[in-house]
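If you use the numbering used here, the sequence shown corresponds to residues 5 to 165, in order. Every residue, glycine too, gets a C-beta built ideally from N, C-alpha and C. Here's the structure we're looking at; comments come further down.
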Amino acid sequence: MPLKRTICSPNRPQREIPSFMKPSALQDILEHNILVDFFFWPNFRDHLILTGWSYAEEQHARDFVTRIRFCWDYEFRDIYRKNKSTGHYSFSQEFNNTYNDLHNWEMPPSSSLPFDVSVFSASTKPPNSSIVPSHPVAVASERGYMTNCGMPDGTINPVLL
Numbered sequence: 005m006p007l008k009r010t011i012c013s014p015n016r017p018q019r020e021i022p023s024f025m026k027p028s029a030l031q032d033i034l035e036h037n038i039l040v041d042f043f044f045w046p047n048f049r050d051h052l053i054l055t056g057w058s059y060a061e062e063q064h065a066r067d068f069v070t071r072i073r074f075c076w077d078y079e080f081r082d083i084y085r086k087n088k089s090t091g092h093y094s095f096s097q098e099f100n101n102t103y104n105d106l107h108n109w110e111m112p113p114s115s116s117l118p119f120d121v122s123v124f125s126a127s128t129k130p131p132n133s134s135i136v137p138s139h140p141v142a143v144a145s146e147r148g149y150m151t152n153c154g155m156p157d158g159t160i161n162p163v164l165l
């Protein structure tokens, strides 16, 4: 129980969720399957609600979780900063800004998924900009893997965190 008290403590500061993960107006007014609330893209969540989607086969859920990517243009070490006086680590401001920007989340199309999430993504990169970051890294959040993101040859080199 001490862990639960620590996690649920009203004194513990709560991290704000990214604005794109907050419920859309449609999510607030229409009853829907709770699974819908876990998709990053608000337009995609609304589409799932309007089409009455309510079930994900295990293989589809697994494919979604392993394909979602967070694109990070910096070195891995730039994710954290260390407070020298306390020895505590925290996320860097650059990481928080990047994490909270929906444009840094992507999911490549997959023939095994019953829907194409990329149609609903927020990608608005100009046509002349490079999709490949200088130090491409992605996080498949559910499994804790770091992978190459947006690599032209499609290679993935997973490293377990």
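- The C-alpha of N104 is placed about 7 angstroms away from the C-alpha of S23.
- One Cα belongs to R81, the other to L34, and the distance between them is close to 42 angstroms.
- Taking C-beta atoms as the reference points, L54 and V40 fail to come closer than 8 angstroms.
- Within the model, the alpha-carbon separation for E79 versus D50 is close to 35 angstroms.
- Judged by DSSP in its simplified three-state form, F43 adopts coil rather than helix or strand.
- By the neighbour-count criterion, in which 16 or more other beta carbons inside 10 Å mark a residue as buried, T102 falls on the buried side.
- Non-local beta-carbon contacts of K86 in its own chain, meaning distances under 6 angstroms to residues more than five positions away in sequence, involve Y93 in chain order.
- Inter-residue distance for C75 and E110 is about 8 angstroms (C-alpha atoms, whole angstroms).
- Sixteen is the threshold: since fewer than 16 other Cβ atoms of the shown chains lie within 10 Å of the Cβ of N37, the residue is exposed.
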